[in-house]
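There are 2 protein chains.
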Amino acid sequence: MRKSIAIDMDQVIANMYKKMAVSYNELFGTTFTEEELLRAPRESMTREQFKLLMEKLNEPDYYREMDILCPHAVEVIRELNERFDVYIATAAMEVPNSFNAKYAWLLEHFPFLDPQKFVFCGTKAVIHTDYLIDDSLNQLEVFKGQGIIYSMPYNEHVEGYPRVKNWLDVREYFKTV
Amino acid sequence: MRKSIAIDMDQVIANMYKKMAVSYNELFGTTFTEEELLRAPRESMTREQFKLLMEKLNEPDYYREMDILCPHAVEVIRELNERFDVYIATAAMEVPNSFNAKYAWLLEHFPFLDPQKFVFCGTKAVIHTDYLIDDSLNQLEVFKGQGIIYSMPYNEHVEGYPRVKNWLDVREYFKTV
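Chains A and B are the protein sequences, given in the same order. So the number in this note's numbering is just where the residue sits in the first sequence, counting from 1, plus 116. So the number in this note's numbering is just where the residue sits in the second sequence, counting from 1, plus 116.
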């Protein structure tokens, strides 16, 4: 029986921070780089700032123009899709206005994936796959299969999961399973 | 540990056929009742008719005005939500323009549910809950937990699943688990 892999969107296949850095600087008059924002602790943002930023992210077309995070993501996912049931599982319920843009983005960049395997959810406790590739510790902790952590500055301290730094690492990991 | 229940939307909590009967008659100049349409084999529709109907269902606001299917659905789900992790799992990927209307409909009718437990998916093979209440044999067959079939004329022949005819039946079923 084919094994299954769920793949997160933001900061795993979609470069959200690149676009978010522009929005952040526009909103707050700052000049942070994408890298600086990735390393900034969330607590450095006030509640009000966080709210404003989430409102921006929830604009209907916000997700439409994101770049692919890693140049190898598409080719590796295309390969995995030959051997595994590949799902995209994204926590879209936090930004419900993004549904359509996320769907269109997936169709554009991953036309070989089956939309019947796209999942817009909240908590990934509900995802029933063998593997989940995610950058979020919160999601990996509630997922019941084998979590794989996609390295980001804000999860560098996390232990207990196989760690991948890019999509070539993902290819390597799945060569042996 | 709390057990979890996934609940389908169309013809389980939302009365899709009531609205669809109106659309069907408008599209094709017929005078079918909701009950007649529920009993009509899908093969009685031509490919072209089915396509037109799906286009109608995929209009952005189509899902917004559906009625609750059964008068007891809300109260029973409210009760279940006290004892179980209640998810709503709907095959929204077939009608991607419906995402926002489905989300708004759920917030309106089930304000006590946690949107982090709304799941817009395709196949329910990916749903990791203990139970799934669904009218679709296709979905029950791929689901890996305990399926419960919500009776509709088009699934009357199906055996092998506990059968509920309305939400009072659902209440009874979960009294004993």
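C-beta atoms are modelled at their ideal positions from N, C-alpha and C, and glycine is treated no differently. Note that the structure is predicted; figures quoted are calculated from it, not measured.
ILE123/A and GLU151/A have their C-alpha atoms some 23 Å from each other. GLN165/A does not reach chain B, its nearest Cβ partner there being about 23 Å away, counting only Cβ pairs nearer than 8 Å. Secondary structure at ARG199/A: helix, using DSSP grouped into helix, strand and coil.
If you draw a straight line from the Cα of GLU175/A to the Cα of GLU272/B, it is about 44 Å long. Straight through space, the alpha carbons of ASP250/A and SER214/A are spaced by roughly 19 Å.
Between ILE265/A and VAL274/A a beta carbon distance of about 6 Å is seen, short of the 8 Å cut, so the two are scored as contacting.
Taking the Cα positions, GLU159/B is about 13 Å away from LYS167/B. Taking PHE234/A as reference, the option from VAL202/A, ASN254/A and LEU248/A with the minimal CA-CA separation is VAL202/A. For the set PHE148/B, ALA156/B, VAL128/B and LEU256/B, the Cα lying nearest the Cα of ILE204/B is the one of VAL128/B.
Following the DSSP letters along the chain, one finds PHE148/A in no beta strand (DSSP E), marked with neither H nor E. A Cβ-Cβ contact shorter than 9 Å links LYS135/B with GLU181/B. Looking at the DSSP output, SER252/A sits in no beta bridge, so it has no partner there. Contact of THR239/B with chain A by beta-carbon distance below 7 Å involves GLN232 and LYS233. For GLY261/B against ASP246/B, the beta-carbon gap comes to about 5 Å, under 8 Å, which counts as contact. The alpha-carbon of MET125/B is positioned some 17 Å away from that of HIS244/B.
ASN197/A and PHE236/A do not touch by the CB rule: their CB atoms are close to 19 Å apart, not below 8 Å. Around the Cβ of VAL211/B, a 10 Å sphere holds 16 or more other Cβ atoms; the residue is buried. Our two residues, THR292/B and ALA208/A, have alpha carbons roughly 35 Å apart in a direct line. Judged by DSSP in its simplified three-state form, PHE290/B adopts helix. Collapsing the DSSP output to three states places ILE184/B in a strand. Residues of chain A with a Cβ closer than 8 Å to the Cβ of ASN216/B are, in chain order, PRO212, ASN213, PHE215 and ASN216. Within the segment 243-256 of chain B, the residues whose Cβ lies closer than 8 Å to any Cβ of chain A are, in chain order, ILE243, HIS244 and THR245. Following the DSSP letters along the chain, one finds TYR219/B inside the alpha helix (DSSP H) bounded by residues 215-225. When Cβ-Cβ separations below 9 Å define contact, ALA137/A makes no contact with chain B. Contact with chain A is found for PHE236/B, since one of that chain's Cβ atoms lies less than 9 Å from the residue's Cβ. Annotation: the continuous alpha helix (DSSP H) that includes PHE166/B extends over 163-173. In the structure shown, SER267/B falls within a coil segment according to DSSP collapsed to helix, strand and coil. Cβ atoms of ALA137/B and LEU153/B come within 8 Å of each other, at about 5 Å. Rounded to the nearest whole angstrom, the CA to CA distance from THR206/B to THR147/A is 42 Å. For the segment 188-210 of chain A, the residues whose beta carbon sits under 7 Å from a beta carbon of chain B are, in order, TYR203 and MET209. Here MET132/B is buried, its C-beta having at least 16 other C-beta atoms within 10 Å.
Taking C-beta atoms as the reference points, ARG155/A and PHE290/A fail to come closer than 9 Å. Here DSSP, grouped into helix, strand and coil, assigns ASP230/A to coil. Exclusion of the five residues before and after LYS218/A leaves MET125, TYR179, THR206, ALA208 and PHE236 as the residues of its chain whose Cβ lies within less than 8 Å of its Cβ.
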